[in-house]
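Here's the structure we're looking at; comments come further down.
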Amino acid sequence: MLLTVNGPRTTRELAELIKALMDWSAESAYGDLDDVLTQVAKRFHITVSDQQRDQVYAAVADALPADTGDGEDPTADVTAWVAARLPYEPQVLSALLMNSWMDLCSQAEAEATRANEERERAERDPIAEAIRHLTLTGRYYVVAHNGRGKPLLSEAVIGLGLAAGAVAELIIAGRIGVEIRTHQLVDGSLPENPPGTPDTEASPPPAPSQAAEGALEDLRKQTVPLRDQLSVVAAGIEERVRAELLESGLITPETRGMLRERVYYAPVPRGLAKAIRALVGGALYSDPIPSADAVLAELAIATGLDAKQTGGWDRLSSMNRGDALAKTRRAETAAQLKLLVDLTAAEVDAVVISPGS
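The letter at position 213 of the sequence shown is residue 330 when you use my numbering, and the numbering goes up by one with no holes.
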């Protein structure tokens, strides 16, 4: 039953381990959790790493009464609580482990239920489920390629679009901000909803993609204005986004060509790009417009993607750059995103008209 694993244990594996600790503690009346861990590891011939030990203590600490300890050191909280009761409650550790085990069993069951629901959703509507897992950069990557994975724009322009998408993710999530006057990046903070404004976006905002997190590291190494930052981030962003989409199974490599083979990365499932365009196109009729949808529409205009694809982008033909962002919920964030889009468009123009582009 107990699996030897590297790294953290899953909730179900952790529940199995704590069940073994509970049984051992009940039989031997141990009062020291570290001693019980050592004995169980020997009994079942498993290795309990420091990381897994910390997991055990954190799970057991969650089962303590609400007013116990300071919550900052689970090991100290559990040890002190058990030691204070051990003289007159010999089975105190076993009882605490039982509470922790029952909590973990409930969590594991809830996780399994969510996983089954996600699997059923994916089977019913694979395209909708794929879109649900795509971040802003992932969506831009998909729509910047045709249904067979062939790029619709130059590598340089796609890189700039993805770089802007990554920065936009970080701004929307409140991780960074842009000083409008100097164009310098600053530490971000998500502004409060304006009074009386309906909350039409997810709260908290979606977490940035792995590619955006990687871009954040690049951004923090530079002190130059945002437009120069975009060129730096664009250099490696496409590979990061592609790797993330490959890992999640949303694109798949396909080799084509007879004389000169090339690898393209087609979306899974088919029709994903068209569905994204339709989703964003529909969102543009909303008021307010979700920030991520507005940014994707603005980047389609800024990078010329709207001219390469007509289906789903119909609404863009009657819009000027900035119109979509003007209908988003947070004015301060919208101003920063508008500046980002304008700088991206300027950089795209420079790339397109420069020799050798």
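Ideal Cβ positions, reconstructed from N, Cα and C, are used throughout, including at glycine.
Between Ser217 and Ile135, the gap from beta carbon to beta carbon is short of 8 Å. DSSP places Pro191 in the uninterrupted alpha helix (DSSP H) bounded by 191-202. By the Cβ criterion, the region 370-379 is not in contact with the region 249-264, since fewer than three pairs of Cβ atoms, one from each stretch, lie closer than 8 Å. In the structure shown, Ile293 falls within a strand segment according to DSSP collapsed to helix, strand and coil. Taking C-beta separations shorter than 8 Å and ignoring five residues to either side along the sequence, the partners of Pro268 in its chain run Ala261, His262, Ile275, following chain order.
Beta-bridge partners assigned by DSSP to Pro268: His262. Ala448 sits exposed, since fewer than 16 C-beta atoms from the chains shown fall within 10 Å of its C-beta. Short of 8 Å from the beta carbon of Asp404, and not among the five residues preceding or following it, lie these beta carbons of its own chain, in chain order: Lys444.
Ala351 and Glu296 have their C-alpha atoms roughly 21 Å apart. Excluding residues up to 5 positions away in sequence, Ala417, Trp430, Leu433 lie with their Cβ nearer than 6 Å to the Cβ of Asp423 in the same chain.
One alpha carbon belongs to Pro182, the other to Ala409, and they sit about 42 Å apart. Tyr174 has its alpha-carbon roughly 9 Å from the corresponding atom of Thr196.
Between Val458 and Ala273, the C-beta spacing is not below 8 Å. One alpha carbon belongs to Lys338, the other to Gln426, and they sit about 36 Å apart. Pro342 has no beta-bridge partner at all, per DSSP. Looking at the DSSP output, Arg373 shares a beta bridge with Arg379. In the structure shown, Val303 falls within a strand segment according to DSSP collapsed to helix, strand and coil. When secondary structure is reduced to three states using DSSP, Pro384 falls in the strand class. By the neighbour-count definition (other C-beta atoms within 10 Å, threshold 16), Gln453 is a buried residue. Annotation: the continuous alpha helix (DSSP H) that includes His250 extends over 243-250.
For the pair Ser326 and Glu286, the CB atoms are nearer than the 8 Å cut-off. Around the C-beta of Val341, fewer than 16 other C-beta atoms lie within 10 Å, and the residue is accordingly described as exposed. In its chain, beyond the 5 residues on either side, Ser211 have a beta carbon closer than 6 Å to the beta carbon of Ala143. Between the alpha carbons of Leu401 and Gln301 lies a distance of about 29 Å. For the 8 Å CB-CB criterion, Val385 and Gly366 form a contact. In the structure shown, the three-state DSSP call for Ile275 is helix. In the three-state scheme derived from DSSP, where H, G and I count as helix and E and B as strand, Ile470 is classed as helix. Comparing alpha carbon positions, the residue from Asp345, Leu154, Phe161 closest to Asp167 is Leu154. Distance from the CA of Ala229 to the CA of Glu415, rounded to the nearest whole angstrom, comes to 39 Å. Secondary-structure assignment with DSSP links Ile368 through a beta bridge to Pro384. With respect to Ala328, Val358 sits close: the two C-beta atoms are nearer than 8 Å.
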